[in-house]
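Working notes, structure below.
Residue numbers (the working numbering): 312 to 625.
Written out as structure tokens, the structure is:
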């Protein structure tokens, strides 16, 4: 009991000292009090995000002038193996943008992480990916000569985690509105699609599941993406076709930049074009498909406006 009281006393002394240091305005005082209350709550519940909560709060304090200048939050929805990583790192190479790799922002909402903490975690995650050489699943996503890990004026921040974000939204639709409230900035969702037959083939191979199981998973995610699209205003949501990005890289990147509210300088477009492969991988041709299964999938694709143009041969 005495040890517990001593710990509480030391914590009280530390929090008062930190409060005097960071509370320059009433808004900062409110955020500080919220952060301390959130940390105490997580500690009481023995939550596994306690270390992230504490470290991100201190990072947010140190970087508050940088984080206060951010105007837009970007996130991804979609499917595994659809080209999200490529899109995320191309955008991350922009001089006004940081897009982290698979932080999974939505898991930080209900534990009470504030806007600045989430943004600090994104910056930390991007440093983590840089330390790995920006390599993932056998591919290098290093855009030489661009701004990955640096920026001139940070205006847009976000995280590339498409399939997991879709799964979280499917489990709890309230998370979309909670995301709006928590980040406070305008949100922008990128929905990256790839030929569904290529998607399903790769999902089955990487996940070591049958084509039938991969197909069921794919359409569950498509339902979530269709729902999310209905919940957003037109300016909040953009479809990005993997095949179009490969064939018309500069055009598609310029469209995404405009969607996010930033310019598309040639100093960004040109090195990005060097990273993009010459043509899409047609993974669907690596397995045997039953003709009836192909026809059934194509009929289901017609129900989704963003997938209707796809087919086995298309």
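For each residue, glycine too, the CB sits at the ideal point set by N, CA and C.
Note that the structure is a prediction, hence the values are computed from the model and not measured.
When DSSP states are grouped into helix, strand and coil, residue 450 belongs to the strand group. Under DSSP, residue 470 takes part in a beta bridge, and its partners are 386, 411. Residue 466 places its beta carbon 9 angstroms or farther from that of residue 551. Selection 494, 450, 505, 451 evaluated against residue 473 yields 505 as nearest (Cα-Cα). In this structure the segment 514-525 does not lie against the segment 401-410, because fewer than three pairs of beta carbons, one per stretch, are closer than 8 angstroms.
460 is the residue among 460, 362, 429, 434 whose C-alpha sits nearest the C-alpha of residue 444. Within the segment 513-565, the runs of beta strand (DSSP E) that reach at least 3 residues and sit entirely inside it are, in chain order, 548-552. Going by beta carbons, residue 549 and residue 401 fall outside the 9 angstroms limit. In the assembly as shown, residue 428 is a buried residue. Its beta-carbon has 16 or more other beta-carbons within 10 Å. Residue 381 sits in coil when the DSSP states are folded into three classes, being neither helix nor strand.
The alpha carbon of residue 414 has as its nearest neighbour, out of 394, 387, 404, the alpha carbon of 387. With a contact defined as Cβ atoms closer than 8 angstroms, residue 510 and residue 396 miss out at about 14 angstroms. Residue 598 sits exposed, since fewer than 16 C-beta atoms from the chains shown fall within 10 Å of its C-beta. With contacts defined by Cβ atoms closer than 9 angstroms, residue 391 and residue 513 form a contacting pair. C-alpha of residue 583 to C-alpha of residue 458: approximately 11 angstroms in a straight line. Relative to residue 470, the option among 482, 431, 585 whose CA is nearest is 431. Every unbroken stretch of the alpha helix (DSSP H) spanning 4 or more residues and falling wholly within the segment 566-614 is given here in chain order: 577-586, 602-612. Residue pairing of residue 504 in beta bridges, as defined by DSSP: 552.
Shown here, residue 499 sits in a strand according to DSSP, grouped into three states.
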